[in-house]
Structure formats: structure tokens, C-alpha cells
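Participant: For reference, the structure I am asking about is given below.
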Amino acid sequence: MIVHDKTYRLEPDADRSFLSPTGRQCAWRIRIIDLNLGEPGVYHLRPIIVVAVQTGAVISLTSCAESVGEKIRQDFTLDINRVLWIEQVASRPGQWLVAGFKSHRHGPRIYYDINWRPIRDNERKTVSTYLPDFANK
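First residue of the sequence shown? That's 21 in my numbering, and the numbers climb one at a time after it.
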């Protein structure tokens, strides 16, 4: 079941480096799917799916996970080890990647290294169940 459908914007720095020449901010449409609500009684290793698609013109070379991922994790109190994070490659519509997170602590803060891999057929099929337009993108 889709539990959130929201746009996240990367706020510009003081040097306004995250704005395009037209003044647009980097933004991603974030949809969060909770498989436990859609399939009660079925155990999922990663019951939460985050689907991120950059909106508007491609103006960012960074991914959503790398730029606003921590804010999303905090806003929805996500256990990143139980999340399947899927992003569309902004410069290549139709190409989807899955993020693998590895945490490491630096003082009181937790940071994440992200490794990307292509989406698997079973993951695509699962997301398409909740987002029918996903299969066509």
C-alpha cells in the first residue's frame, strides 16, 4: 500500500549551487510503499519500498539517496536495513537502480556508503503491483 506520496526539494546552499540557471531546485517525487499493509500476514525482509524519481529538468548529478535520503529516513523513521530504495536514473528514463546502504559511525553521527545495482525483475514486478505506471517507465 502506498503510504506517502510527496515531493522533496534540495534546498539551495548560500552559493545557490543547487539551482539550475532557470532557478529551479532539485526535486524528487518520493513514493513509499509499505508491503506489510498491502499483504498482512506475509513476512518481508524489506517491507518498505522507497521509489524516487527526479522531477522536472535533470539538473542534479547527485541521487536522491545521497542528497535528501537522510531527511526522508528521519521524516518517516525508516530502518534503512529494512528499506528497498529504488531510484530512476535521472539522465536515462526507464533505467532503475537499487541502493545498498552500509552504515558507519563517525562520532555521534551515522553516515551511509551507497552502492548501486540494477533493479531485479522481482523487485520491478513488486513495485508495479502498487504503481502500475512503474512498469512503463
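Every residue gets a Cβ at the ideal spot worked out from N, C-alpha and C, and that includes glycine. Keep in mind the model is a prediction, meaning the values are calculated, not measured.
1. Report the partner residues of Tyr132 according to the DSSP bridge assignment.
2. Using 10 angstroms around the beta-carbon of Val62, count the other beta-carbons present and answer buried if the total reaches 16, otherwise exposed.
3. Can you have a look at Thr146 and say buried or exposed, based on whether 16 or more other CB atoms are within 10 angstroms of its CB?
4. Just curious, the beta strand (DSSP E) that Val23 is in, first and last residue?
5. Going by Cα to Cα distance, which pick from Pro113, Gln108 and Ser148 is closest to Arg137?
6. In this structure, how does DSSP classify Glu107 when only helix, strand and coil are distinguished?
7. Which residues in the same chain as Ala72 place their Cβ atom closer than 6 Å to its Cβ, once the five residues preceding and following it in sequence are excluded?
8. What does the alpha-carbon distance come out to for the pair Asp153 and Gly114?
9. Would Leu65 be called buried (16 or more neighbouring beta carbons within 10 Å of its own) or exposed?
10. What's the gap between the Cα of Arg144 and the Cα of Thr75?
11. Bridge partners for Leu117 per DSSP, in chain order?
12. Note down, in chain order, each residue of its chain lying with its Cβ closer than 6 Å to the Cβ of Ser123, except the 5 sequence neighbours on either side.
13. Taking the continuous alpha helix (DSSP H) assigned at Asp95, which residues delimit it?
Facilitator: The structure says:
1. For the purposes of this step, residue 132 is taken as residue 112 along the sequence shown, with counting starting at 1. Paired residues: Ser123.
2. Residue numbering aside, residue 62 sits at position 42 when the sequence shown is read from its first letter. Counting Cβ neighbours within 10 Å, Val62 comes out exposed, since fewer than 16 surround it.
3. Residue mapping note: residue 146 aligns to position 126 of the sequence shown, counting from 1. Looking at its Cβ environment, which holds 16 or more other Cβ atoms inside 10 Å, Thr146 is buried.
4. The residue labelled residue 23 in the question sits at position 3 within the sequence shown. Run containing Val23: Ile22 to Arg29, per the beta strand (DSSP E) assignment.
5. As a working note, residue 137 is residue 117 in the sequence shown. Ranking Pro113, Gln108 and Ser148 by Cα distance to Arg137 puts Gln108 first.
6. Counted from its first residue, the sequence shown places residue 107 at position 87. Residue state, collapsed to three classes: strand.
7. Taking the first residue of the sequence shown as position 1, residue 72 is located at position 52. Hits under 6 Å: Trp48, Ile50, Cys84 and Glu107.
8. In the sequence shown, residue 153 corresponds to position 133, counting from 1. In the sequence shown, residue 114 corresponds to position 94, counting from 1. Taking the straight line joining both Cα atoms gives about 11 Å.
9. Reading the sequence shown from its first residue, position 45 is the one you call residue 65. Leu65 comes out exposed.
10. As a position in the sequence shown, residue 144 is number 124, starting the count at 1. As a position in the sequence shown, residue 75 is number 55, starting the count at 1. Their Cα atoms are separated by approximately 20 Å.
11. One-based indexing of the sequence shown puts residue 117 at position 97. According to DSSP, Leu117 bridges with Glu107 and Pro138.
12. Looking up residue 123 in the sequence shown gives position 103. Excluding sequence neighbours, Ser123 sits near Ile130 and Tyr132.
13. The sequence position of residue 95 within the sequence shown is 75, counting from 1. Asp95 -> alpha helix (DSSP H) spans Gly89 to Asp95.
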